[in-house]
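There are 2 protein chains.
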Amino acid sequence: MSVSLRDVAKAAQVSVGTVSNVLNRPQVVAPMTLARVQEIIKELGFVPNGFARHLRSGYSRTLGLIVPDVANPFFTEVARGVEDAASKRDYAVFLCNSDESAAKEDRYVKVLIQQQVRGVLITPADVKADRLDLMRERGIAVTLLDREIKGRKQCSVSVDDVHGGQIAIEHLTGLGHTYIAWVSGPESIPQVADRGAGVAKAATVANATIETIRVSLMNAAKGEEAAQRILELNKMPTAIFCANDLLALGVMRVLLENKIRIPEQVSILGYDDIAFAPSAAVPLSSIAQPSYQMGITAADLLLDECEDGDSHEHQQIRFQPQLVERASTGKR
Amino acid sequence: MSVSLRDVAKAAQVSVGTVSNVLNRPQVVAPMTLARVQEIIKELGFVPNGFARHLRSGYSRTLGLIVPDVANPFFTEVARGVEDAASKRDYAVFLCNSDESAAKEDRYVKVLIQQQVRGVLITPADVKADRLDLMRERGIAVTLLDREIKGRKQCSVSVDDVHGGQIAIEHLTGLGHTYIAWVSGPESIPQVADRGAGVAKAATVANATIETIRVSLMNAAKGEEAAQRILELNKMPTAIFCANDLLALGVMRVLLENKIRIPEQVSILGYDDIAFAPSAAVPLSSIAQPSYQMGITAADLLLDECEDGDSHEHQQIRFQPQLVERASTGKR
DNA sequence: GAACTACATTGAAACGATTCATTTTCAATA
DNA sequence: TATTGAAAATGAATCGTTTCAATGTAGTTC
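In the order they appear, the protein sequences are chains A and B.
Residues 1 to 332 in the working numbering are what the first sequence lists, from first letter to last.
Residues 1001 to 1332 in the working numbering are what the second sequence lists, from first letter to last.
Next comes the structure, spelled out in structure tokens:
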């Protein structure tokens, strides 16, 4: 059915070894032979069998990428970065969606081991790291994405979320706000906890008061719920900082519906700077994470580890988030 | 380094053939042996090498999914459906992002052939179908996603976009609108062209006038641009139908900024019903496509073809879009 | 023209599973 | 006890590559 290397060898009247060399070490093949074999490869439409190829060599040219939610724009951007970087180095990427579930994650780890991926980029659903060890034992390189596990010997690419929370509050206090609502997600998500820590830290320094509103999910609907709760507060905050943009957009909708002017009466600040943020009803100020860049960096780090082997030194790279100021935040 | 089937055989004091049977045909193995071997497999943490496994058998348990844009919520949902359906049948999915570029698509096709995927789900970037033949020649099943190519013998799952455009306009004319702006994307995208055809058809029937505004990309920023152009028209339409939700959100923003009340003065209708639509400044009416369900269906169709082989009959499944009415559309 | 190089090419072994024709085992039956 | 046959287990061949030691072939030097 499929054209094999053996068929090519026969057609070109050379040995299988030579054809293999044409594919993998063209410089050792005589120019004329090279040309002839390449000609025949094209003619027959030969594509090497990845299985057989890497069965022998022991290494595949595939990576795994396990994210908690593909639908989240942050991870979609990261994935694009990973794909682009991998493509450039001729690797293919298995994209897996763990849905924040440890069980699904386990399943994927197994699948990836079975597919003999060379390395894995993962945003682990929980801190238990058995899965990671399982892979590393098998010689699969692991790089942590958007999460760090202390004391572990591995590469990681993350964002300084504490700092993110901090600059958010600094921005708001800088505008004169002293009573600020912090719409936070589940504390179990490390990013959320970190942003919260940054909020607390900056509030103490600036001597501002923080009202924490905790919601169970981080989507626009929950943002609306949060806004309702804010409206019921005894005293209305003059600024609202949300743990992500979707929450912020939900909050914004309810406030606008209640004829509250933004930013004149209340400032709103989001987090993630999703593509839609500039097009919100009132263009949303947000804390941006360099998601695409993170994907590129993480993939490059992982591939360096795969290819350098022992000489590789693990690196913890930490990106700094940045404030993107738009119309939704203003002076008190 | 890695535990092989041979190691398991040695540890369990059986032949490699028996271990293979434990994995693939447990019913032919004596219960006691079965238990002992399974025990050892677990103990050693043995995971079969996918390469070697399918090198012999000729078939892998992986699918490819090539979409034009992972960041597009429609495709993210489709991808989730595909993944879930594939998981259920113990297949893994390679997710590839062609970025609407034929060149990238070619690259991925090659990668997928190399990875020996069993089948491919694809939304082809253009109508030229050489790529598809290339795969089919190699015994890789192909199912078309969100696109149909006439006269081709293959499965496909698509949405009736003509009908989508039609029900959109019917909804608006039903509300009394007779002068409607149609914010359309590049005519080269079949979906856009089809929706436009539906628009024209329904407009003729209802005797409504359509003002077409064409933009080069389908994002919120281009929606704002379109809104500007609408504001400059001699006569203001009373309703605006946009080729997708992002455009609609952009349009909405500019209109609100210009103090135009929605839907009292102008109705806005989107397409895709993205997750954020209900949380827009004015909750957005939209035409919903059953994206997740399409993913599930497409994957099942493809896997049926893979596993049934010759007895398989190609099917063209066409989903019907549905109107989701929210606050952004109202009586004239 | 013999002795060396350097370069090109060869072909068999190996990778780790599956497959299948054989062989072994053992209980039931004559 | 001998015979039979079904069930269980075996292990060599196989898949399509890569790898590498061995071999072949010019070209250069003394």
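Cβ atoms here follow ideal geometry from the backbone N, Cα and C, with glycine treated the same way.
Note that the structure is predicted; figures quoted are calculated from it, not measured.
Taking C-beta separations shorter than 8 Å and ignoring five residues to either side along the sequence, the partners of B:E1305 in its chain run G1119, A1141, T1143, C1155, H1312, H1314, following chain order. Close to chain A, meaning a Cβ-Cβ distance shorter than 9 Å, are the following residues of the region 1031-1049 of chain B: G1045, V1047, P1048, N1049. In the DSSP assignment, B:A1092 falls within the unbroken beta strand (DSSP E) covering 1092-1097. If you compare the alpha carbons of B:A1181, B:A1280, B:S1216 with that of B:L1233, the shortest gap goes to B:A1181.
A direct Cα-to-Cα measurement between A:L55 and B:G1058 gives close to 14 Å. In this structure, B:E1224 and B:V1254 form a Cβ contact; the two beta carbons are roughly 5 Å apart against a cut-off of 8 Å.
DSSP links B:I1240 through a beta bridge to B:A1181, B:I1268. Using beta-carbon distances, A:F241 does not count as an interface residue toward chain B, since no partner is under 8 Å. Residues of chain B with a Cβ closer than 8 Å to the Cβ of A:F276 are, in chain order, A1220, L1246, L1249, F1276. Short of 7 Å from the beta carbon of A:M135, and not among the five residues preceding or following it, lie these beta carbons of its own chain, in chain order: V109, I113, V120, V142. For B:V1109, the uninterrupted alpha helix (DSSP H) segment begins and ends at 1102-1114. Comparing alpha-carbon positions, the option among B:N1207, B:R1061, B:L1256 lying closest to B:A1227 turns out to be B:L1256. Identification of residues in the region 273-301 of chain A having a C-beta nearer than 9 Å to some C-beta of chain B yields A275, F276, P278, S279, A280, A281, V282, P283, given in sequence order. Listed in chain order, the positions of the region 1127-1147 of chain B with a beta carbon within less than 8 Å of a beta carbon of chain A are L1134, E1137, R1138, G1139. B:A1203 and B:D1133 have their C-alpha atoms some 39 Å from each other.
When C-beta distances to chain B are compared with 8 Å, the residues of the region 64-92 of chain A below that value are V70, A71, P73, T76, E77, A79, R80, E83, S87, A92, in chain order.
Shown here, A:T76 sits in a helix according to DSSP, grouped into three states. Against chain B, the beta carbon of A:H312 has no neighbour under 9 Å; the closest one sits roughly 17 Å away.
Residues of chain B whose Cβ lies closer than 9 Å to the Cβ of A:K110 are, in chain order, V1047.
Beyond the five residues adjoining it in sequence on each side, B:M1218 comes within less than 7 Å, by CB distance, of G1185, A1243, N1244, L1246, L1247 in the same chain, given in chain order. Per the C-alpha coordinates, the member of B:L1175, B:V1162, B:V1008 positioned closest to B:K1201 is B:V1162.
Taking a C-beta distance under 8 Å as the contact criterion, B:R1080 and B:Y1292 qualify as a contact pair.
When DSSP states are grouped into helix, strand and coil, A:E313 belongs to the coil group.
Between the alpha carbons of B:V1067 and A:T238 lies a distance of about 44 Å. Boundaries of the alpha helix (DSSP H) around A:G164: 161-174.
Residue burial is scored here from C-beta neighbours: B:K1222 has at least 16 other C-beta atoms within 10 angstroms and is therefore classed as buried. As far as DSSP is concerned, B:Q1191 takes part in no beta bridge.
Taking the beta carbon of B:N1021 as reference, no residue of chain A falls within 8 Å; the closest one sits roughly 19 Å away. Beta-carbon to beta-carbon, A:L269 and A:F241 are separated by about 5 Å, close enough to satisfy the 8 Å threshold. Around the beta-carbon of B:E1043, fewer than 16 other beta-carbon atoms lie within 10 Å, marking it exposed. In terms of Cβ geometry, B:G1050 and B:V1003 do not form a close pair [threshold 8 Å]. Taking a C-beta distance under 8 Å as the contact criterion, B:I1213 and B:V1183 qualify as a contact pair. Within the DSSP bridge table, the entry for B:A1288 names B:D1272, B:Q1322 as partners. The criterion of a C-beta distance shorter than 8 Å is satisfied by A:G295 and A:V82. B:N1258 is classed as exposed because its beta carbon has fewer than 16 other beta carbons within 10 Å across all chains shown. For B:V1047, the closest C-alpha among the options B:S1020, B:D1084, B:V1078 is that of B:S1020.
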